[in-house]
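The numbers in the sequence shown follow my numbering, run straight up by one, and end at 301. Where is the CB? At the ideal position from N, CA and C, for every residue including glycine. Structure, as structure tokens:
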Amino acid sequence: MAAEPSVPAARPVPRFAHLQANPMTASIGAEIEGVDLNAPLSEDVQEELRTALHHFHVIAFRDQFLDDDGHLGLARVFGEPEVHPIKAAFGNPEVLADIVDTEDSVPDRDGWHTDVTYQQRPPAAAVLRCEQTPEAGGDTLWANMQLAYDKLSEPMKAMIDGLTGHHATEGGFIDYIRRHLPKEIVGKVLEIVGDGAHHPLVRTHPITGRRSLFVDQSYLASIDDLPKEEGEFLLRFLASRVDDVSIQCRFHWTKGAVVVWDERSTQHSGSADHRGLSRVLRRCTIEGEVPA
């Protein structure tokens with residue numbers, strides 16, 4: 010009889026002196042209370058925010074109403090904000106970008122993914138704030154990919170440890186920018202991002218040392234060193250691990266809310282159930298390292 014995967018017991022919740030963390034689910038996410046992000050953050054508070062992020066993977070704040078300076082100030086608690094490659098193609102050094110859904114610009118990127126993994130150095134984290142929320146829908150979901158890895162059987166872990174995959178710009182990313190950008194800009198974007206990057210299927214978090222399944226259905230196109238048929242079979246199985254609701258949380262946006270998430274250990278998906286309704290979010294990502 011096959012052995013069931015051994016899943017580690019839940020880690021104890023850290024004790025905080027300067028904030029309160031209210032878990033969203035048993036496996037991922039917390040809403041943080043007791044912190045005014047518009048006020049100067051002491052070193053002790055900043056350290057507790059980093060600890061909360063590494064433990065919960067996603068931390069959310071209500072009723073903060075940050076402006077751009079406050080947004081960037083919060084981002085710098087976790088690292089250095091970076092320019093998105095599409096903005097770089099326009100010659101725009103602005104690190105903040107808008108996500109605007111309207112009747113004329115409907116959401117069309119609601120699949121599970123980790124941001125811009127086709128880069129050699131994908132982001133370490135992201136900070137997203139809500140400027141306008143729809144009357145209904147428009148939530149964002151996150152999944153704990155460390156737990157997704159933990160729940161694999163030992164033989165499966167042994168098989169995928171050491172394998173790498175090609176996170177490609179060909180396909181979904183190129184299709185997306187061709188739909189939304191002028192033709193001359195598409196070429197500039199592709200000059201910047203190239204044909205993608207090769208990353209391990211299992212990455213180790215540089216801060217916590219925990220291992221994550223680094224596989225998504227949006228950018229990971231193939232598994233290196235495997236025949237195509239075997240690679241596609243394994244990729245379908247690994248990418249489907251994110252669908253396990255026991256490793257997910259869901260956040261309902263309210264105006265003034267802010268969410269920070271760890272890009273190294275999560276995937277996220279926007280729920281495109283607000284088509285025809287307006288939603289405006291503003292975001293930036295934090296510089297990361299080459300996954301290892």
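- Which word fits M10, buried or exposed, when buried means at least 16 other C-beta atoms lie within 10 angstroms of its C-beta? At M10, the pLDDT of 49 sits below 50, so the modelled position is not reliable; the number obtained from the coordinates is stated separately. So M10 ends up on the exposed side.
- Item | A152 and Q276 closer than 7 Å at C-beta | yes
- Message: Quick test of the definition: if touching needs 3 or more C-beta pairs under 8 Å, does the region 170–178 touch the region 197–217?
- Response: Yes, they touch.
- Query: Just the Cα atoms here: how many angstroms apart are P236 and V269?
  - Reply: 38 Å
- Round the Cβ separation of R212 and A301 to the nearest angstrom and send it over; I've been treating them as touching at under 8 Å. 7 Å
- Query: Hey, would you say L105 sits closer than 7 Å to C293, going by beta carbons?
  - Reply: yes
- Message: Can you give me the C-alpha to C-alpha distance between I183 and G203, rounded to a whole angstrom?
- Response: 11 Å
- Query: Exposed or buried, what is D271 when buried is set at 16 or more other beta-carbons lying within 10 Å of its beta-carbon?
  - Reply: buried
- Query: Counting pairs of Cβ atoms below 8 Å between the region 122–134 and the region 83–99, do you hit three or more?
  - Reply: yes
- Task: Determine the direct distance from the alpha carbon of A145 to that of V195, and round the result to whole angstroms.
- Result: Going by the C-alpha atoms only, they are around 34 Å apart.
- Item | Y228 versus K197 - alpha carbon distance | 19 Å
- Rounded to a whole number of angstroms, what is the C-alpha to C-alpha distance between S274 and F65? 10 Å
- From which residue to which residue does the beta strand (DSSP E) around D107 run? Counting along the chain, the beta strand (DSSP E) containing D107 begins and ends at A106 to D110.
- Query: What are the boundary residues of the alpha helix (DSSP H) that R59 is part of?
  - Reply: E52 to F65
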